[in-house]
Amino acid sequence: MEMILSRENMMAAYRRVMANKGAPGIDKMSVEQLKPYLAEHWPRIREDLLVDGYRPAPVRGVEIPKPGGKGMRQLGIPTCLDRLIQQAMHQVLMPIFAPDFSPSSYGFRPGRSAHDAVLAARSHVADGRRFVVDLDLEKFFDRVNHDD
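Number 97 in our numbering belongs to position 113 of the sequence shown; there are no gaps in the numbering.
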């Protein structure tokens, strides 16, 4: 946790959250309000993270249209503070765990896209592979409880 909460890592996370902007979460705090909030509350937040157990706020649910007009997608928007903490954790944990991820994994991976997955599938077909496993993960993320 000390690496995650280091000043250098937290400042990098803060810059990333500010650059990404994003809508306010359930607390209605904008990214512009985050800096003064942290100036006042950071010692308590840090203590919660290190000792007492930090509990993220519930996410604010928003529906947006799915690409191609095929229904709606439920998004969970975390608070700016939770985005900051998530980003700080991501920056430390991703380099540790990314080397263990499957080379066949393309979803939510930096530097990988759906286009890369299609190219890999074409390569497998060209190599003579004849079987495909089709998994439908439709609405999977809609069913993930983001509040616990």
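Quick reminder that beta carbons are idealized off the backbone N, C-alpha and C, glycines included.
Tell me residue i's beta-bridge partners as DSSP assigns them.
i, result
"Ile69", "BP columns for Ile69 are empty, so no partner."
"Met56", "Pro49"
"Ile61", "Arg44"
Leaving out five residues on either side along the sequence, give the residues of the same chain with a beta carbon under 7 angstroms from the beta carbon of residue i.
i, result
"Asp32", "Tyr38"
"Met(-3)", "Per the sequence presented here, residue -3 reads as Ala, with Met not at that position. Cβ within range, chain order: Leu68, Gln71, Ala72 and Gln75."
Tell me which residues share the same chain as residue i and place their Cβ nearer than 8 angstroms to its Cβ, disregarding the 5 neighbours each side in the sequence.
i, result
"Tyr90", "Arg96, Ser97, Ala98, Asp100, Ala101 and Ala104"
"Leu(-11)", "Arg30, Leu33, Leu34 and Ala72"
"Met56", "Glu47, Ile48, Pro49 and Lys50"
"Gly6", "Val15, Ile61, Cys64 and Arg67"
Give the DSSP-derived three-state secondary structure of residue i in the structure shown.
i, result
"Ile10", "coil"
"Arg96", "coil"
"Arg44", "strand"
"Ile29", "helix"
"Ile80", "helix"
"Met(-15)", "coil"
"Ser107", "helix"
"Tyr90", "coil"
Between which residues of its own chain and residue i is the CB-CB distance below 6 angstroms, once the five residues before and five after are set aside?
i, result
"Ser14", "Pro8"
"Arg44", "Gly9, Ile10 and Ile61"
"Met(-13)", "Val76"
Below 8 angstroms, can you find three or more Cβ-Cβ pairs linking the region 15 to 34 to the region 57 to 66?
yes
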